[in-house]
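The sequence shown begins at 634 in this note's numbering and counts up one residue at a time.
Every residue gets a Cβ at the ideal spot worked out from N, C-alpha and C, and that includes glycine.
These numbers come from a predicted model, not from an experiment.
Working notes, beginning with the structure itself.
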Amino acid sequence: MFDDSRLAAEISLDDLMEIVSDDVEVLKDVLKSFLEDAPKLLQEMQNGLLSQDLETIERNAHTLKSNSRLFRAKIFAEQCQALEDNARQSNWSSVTVQVPKLCQNFQVIARVLTAKLEQL
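Laid out in structure tokens, this is it:
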């Protein structure tokens, strides 16, 4: 697995500003939206684990992957992709490990994005 420093290092304020053509207000809105939506997606995945609903896990991993790529969080997006693939293949042994790890890794991403938001 990847350590926290690698997850955090791939997100730069310059890259984020480039995404929104240097529009600070748009970036603030996008960051806030992601920071509000991602925990809901992760909660749905955790609920999917409890209810053994692989389709829910797959769908939410796919959405989170796409959103993460927007912020160039490549490692996190790759982890979402792996979870999505394992859910699609009904690989429960991997899914049950990946969902909690994804939740843990999101905390790193959230801290970094929150810090970037505070810099704006």
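Separation of Asp670 and Leu716 (C-alpha to C-alpha, rounded to the nearest whole angstrom) is 18 Å. In the DSSP annotation of this structure, Leu753 is not part of any alpha helix (DSSP H), being labelled neither H nor E. Taking the C-beta atoms as reference points, Leu664 is found nearer than 7 Å to Leu750. Exposure of Asn680 is indicated by the presence of fewer than 16 other C-beta atoms within 10 angstroms of its C-beta. The alpha-carbon separation between Ser726 and Glu688 amounts to approximately 16 Å. In the same chain as Val653, and ignoring 5 residues on each side of it, the C-beta atoms closer than 6 Å to its own belong to Val659 and Leu660, in chain order. Its chain contains Gln712, Ala715, Leu716 and Asn719 as the residues whose beta carbon lies nearer than 8 Å to that of Gln731, once the 5 sequence neighbours on both sides are disregarded; these appear in chain order. Cβ-Cβ distances below 8 Å link Val728 to Leu682, Leu687, Ile690, Leu716, Asn719 and Ala720 in the same chain, with the five nearest sequence neighbours on each side left out; the list follows chain order. A straight line joining the alpha-carbon of Leu649 with that of Ser684 spans about 36 Å. Under a 10 Å Cβ-count criterion, Val657 is classified as exposed, with fewer than 16 other Cβ atoms of the shown protein chains found around its own Cβ.
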